[in-house]
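Taken in order, the sequence shown gives residues 866 to 976; the numbers are from the numbering used here. To start, the structure under review is shown below, and the notes come after it.
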Amino acid sequence: MEINIRKIRWADMFTLSEIIDKMGITEEVAKLSKKAQGGTDSDADASTQLVVLLVSKLHLAKKEIGNMVADFTGLTAKEVEELGIAEIKEVIVKIIKGVNWGDVFPSGTTE
């Protein structure tokens, strides 16, 4: 099933910030962004690493991520809970790839 997401808006950055804080991955996300900007990893590699990082910490922000996916897709919370793993992964990857992480974590923000 193809699931479309809406365009990422400024207000979404607050939701993403809340999720990243709750998951305790701020420094890791910043480092992945810096690596992608510095050319040490391709954008695809950095995105893949970010997906793995997020999946490993999903349990820490289950409700917030479910609400975000529902908001991006127009699905209800119940429909999001019923999505298969491949479908939820597809949505999360689309959201991650839709964010210009270099704008979120400018080079030099963290060491």
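Note that CB positions come from ideal geometry on N, CA and C, so glycine has one too.
Starting from Met933 and walking both ways along the alpha helix (DSSP H), at which residues does that stretch end? Here residue 933 refers to the residue found at position 68 when the sequence shown is read from its first residue. Segment Lys927 to Thr938, the alpha helix (DSSP H) holding Met933.
Do Glu955 and Ile868 count as a contact pair if the criterion is CB distance below 8 angstroms? Residue numbering aside, residue 868 sits at position 3 when the sequence shown is read from its first letter. Residue numbering aside, residue 955 sits at position 90 when the sequence shown is read from its first letter. In contact: Ile868 and Glu955 (Cβ atoms closer than 8 angstroms).
Under 6 angstroms Cβ to Cβ from Met888, same chain only, skipping five residues before and after it: list those, please. Reading the sequence shown from its first residue, position 23 is the one you call residue 888. Once the five neighbours on either side are set aside, the close Cβ partners of Met888 are Lys922, Leu925 and Ala926.
For Lys959 and Ser912, believed in contact at Cβ under 8 angstroms, the rounded distance: For this step, residue 912 is matched to residue 47 along the sequence shown. For this step, residue 959 is matched to residue 94 along the sequence shown. About 10 angstroms; that fails the 8 angstroms criterion.
Chain D within 8 angstroms of Glu892, Cβ atoms only: The structure shown contains no chain D; it holds only a single protein chain.
What do you get for Phe937, buried or exposed, if any count of 16 or more other CB atoms within 10 angstroms of its CB means buried? Here residue 937 is taken as the residue at index 72 of the sequence shown, counted from 1. Phe937 should be labelled buried.
Buried versus exposed call for Lys872 [16 or more other C-beta atoms within 10 Å across all chains shown]: Here residue 872 corresponds to residue number 7 of the sequence shown, with the count starting at 1. Answer is exposed; the Cβ neighbour count stays below 16.
At the level of alpha carbons, what is the spacing between Ile870 and Gly939? Reading the sequence shown from its first residue, position 5 is the one you call residue 870. Reading the sequence shown from its first residue, position 74 is the one you call residue 939. So the alpha carbons of these two residues sit roughly 8 angstroms apart.
Does DSSP put Lys872 in a helix, in a strand, or in coil? Counting from 1 along the sequence shown, the entry for residue 872 is found at position 7. If DSSP states are grouped into helix, strand and coil, Lys872 belongs with coil.
Between which two residues does the alpha helix (DSSP H) containing Glu946 stretch? Residue mapping note: residue 946 aligns to position 81 of the sequence shown, counting from 1. Glu946 -> alpha helix (DSSP H) spans Ala942 to Glu946.
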